[in-house]
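As structure tokens, the structure follows; a few thoughts come after it.
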Amino acid sequence: MAALFGAEKYSDYLDEQEWMVAARHASQFNEASKQYIADHRDELLTKPLPYRITRSLLMKNGYLQQGFAEKNGLGQQYVTGVVKNSAKAQPALQALTCSVQGAHLSEKGMRRIATQITGMGGYVDEKHIAIGAYGGWTSDPRDFGLDCRHGHIAMALSSEILGSLLQESDRLYRFQVKHRPELNRMHTSIDMGGNDITHSGRINASGNITTTGTVRGGTVQLDQISISGHRCTPDGLLSRDASGAILSCQSGVWKGAGGGTLSRAGVNALSVESTGDFHFVLVSISSRFFAVDGSHTAMANFTLSLNGRVREQITNGLNVRKTGGGGHYWGYETVGVVQKQYRLKIAQGDHLRVALSSAHYHLSSDIRIDLSN
1 MAALFGAEKY SDYLDEQEWM VAARHASQFN EASKQYIADH RDELLTKPLP
51 YRITRSLLMK NGYLQQGFAE KNGLGQQYVT GVVKNSAKAQ PALQALTCSV
101 QGAHLSEKGM RRIATQITGM GGYVDEKHIA IGAYGGWTSD PRDFGLDCRH
151 GHIAMALSSE ILGSLLQESD RLYRFQVKHR PELNRMHTSI DMGGNDITHS
201 GRINASGNIT TTGTVRGGTV QLDQISISGH RCTPDGLLSR DASGAILSCQ
251 SGVWKGAGGG TLSRAGVNAL SVESTGDFHF VLVSISSRFF AVDGSHTAMA
301 NFTLSLNGRV REQITNGLNV RKTGGGGHYW GYETVGVVQK QYRLKIAQGD
351 HLRVALSSAH YHLSSDIRID LSN
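Quick note: the sequence shown uses UniProt numbering, first residue 1, plus one each step.
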């Protein structure tokens, strides 16, 4: 007697396990259908309804993982029927999922599975009407284009459930959803159809920004530093050198603007690399000399070189004459200034250098080079 009772209990345990697995299987399919409907709401509203959602459709579109079992342990398959809810003022959808084919469930099995299904679980009664667990809802499967029979599982997807899901679907949500940043993130390209985007704040991009129109703004910040004379591609790119001078890619080489001016300054020697094509060089030198008693000549001689070849000689000098009686010291700490302009053909990338070559009573010299056209 005890053995018979134990066998009966074990059989009940196996049934419970089978029903629990069936409830999970049904819930997975129904959740996938619910997500598909939410993501394709506008499309479904334009299709002839009822619309049937099957396992193969959900797997093809990625709503069910590959390998999702076609049937539950009783050999039943699932199908969802989608229709419009005519009772709603705004276009709305509602759906019913039920199992078809396979073996019939017992009354106890149907009720147990219905209570374990996620959401609005139910079953199909002897009149082939879908009834929710504990009588929570009723639906006629024929209204959804389905042929559901007694002994099978049913699950309702009301307009309210589908409507609330729209806020958590793959649609982009207009407002921030706390702890759900993915609801405000695009996962595909946007085609604005010729419409504008206005009142935007900062726009950050890691790719290219392309337009056939005009780009306007206050200032342009060029972050990339390029070297004049180095190779570049494609032609038309804009960059800058380390000093901020504009460079453009011309014939595959970084070149200066080819106009305007270029100014550089240094002490005792100054080297300049031309960022463009220029025709005039203005050299300004201010030299400071020792204070010396008596008449003397102080001088500082400089060379102007272009690409290593001396092109000009520049002398900055002072002649000091002392007159008057002796017996005391007159010291002269003097400054001499010289400015010379030369017409030279200077090309992009050429190197100019002004350097001190010889001096007498010389302390230091400030040098400035200006290139212009």
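A virtual CB, placed ideally from N, CA and C, is assigned to each residue, including glycine.
Spatially closest choice to residue i from the options, by CA coordinates
i	options	result
residue 365	108, 298, 305 and 57	298
residue 350	340, 371 and 60	371
residue 237	230, 250 and 51	250
residue 142	242, 18, 96 and 264	96
residue 17	79, 112 and 197	112
residue 19	104, 94, 204 and 206	104
residue 42	91, 209, 30 and 72	91
residue 107	25, 336, 202 and 150	150
residue 240	234, 226, 252 and 232	226
residue 37	189, 93 and 262	93
residue 69	203, 34, 40 and 24	24
residue 85	262, 39, 144 and 266	144
residue 136	158, 266, 202 and 243	158
Test item: CB-CB of residue i and residue j under 7 Å
i	j	result
residue 115	residue 133	yes
residue 131	residue 140	no
residue 358	residue 303	no
residue 57	residue 32	no
residue 362	residue 300	yes
residue 320	residue 295	yes
residue 45	residue 51	no
residue 316	residue 338	yes
residue 369	residue 264	yes
residue 340	residue 314	yes
residue 79	residue 54	yes
residue 352	residue 334	no
residue 270	residue 215	no
residue 287	residue 256	no
Counted within 10 angstroms of its Cβ, other Cβ atoms place residue i as buried (16 or more) or exposed
i	result
residue 121	buried
residue 155	buried
residue 222	exposed
residue 101	exposed
residue 219	exposed
The ligand SAM heavy atom lying under 6 Å from the CB of residue i
i	result
residue 91	Of the ligands one can find in the structure shown there are none, so the ligand SAM has no counterpart to examine.
Check: Per the contact definition of three or more C-beta pairs closer than 8 Å, is the region 333-350 in contact with the region 274-281?
Finding: yes
Notebook entry, point to check: At what residue ranges does the region 221-307 contain a whole run of the beta strand (DSSP E), taking only runs of 3 or more?
Noted result: 238-240, 246-250, 253-256, 262-267, 269-273, 278-289 and 296-306
Next item on the list: Pick out the complete beta strand (DSSP E) segments inside the region 75-151, 3 residues or longer, and give them in chain order.
Entry: 77-84, 93-100, 120-124 and 130-132
Next item on the list: Give, in chain order, every unbroken run of the alpha helix (DSSP H) that is at least 4 residues long and sits entirely within the region 35-74.
Entry: 41-46 and 55-60
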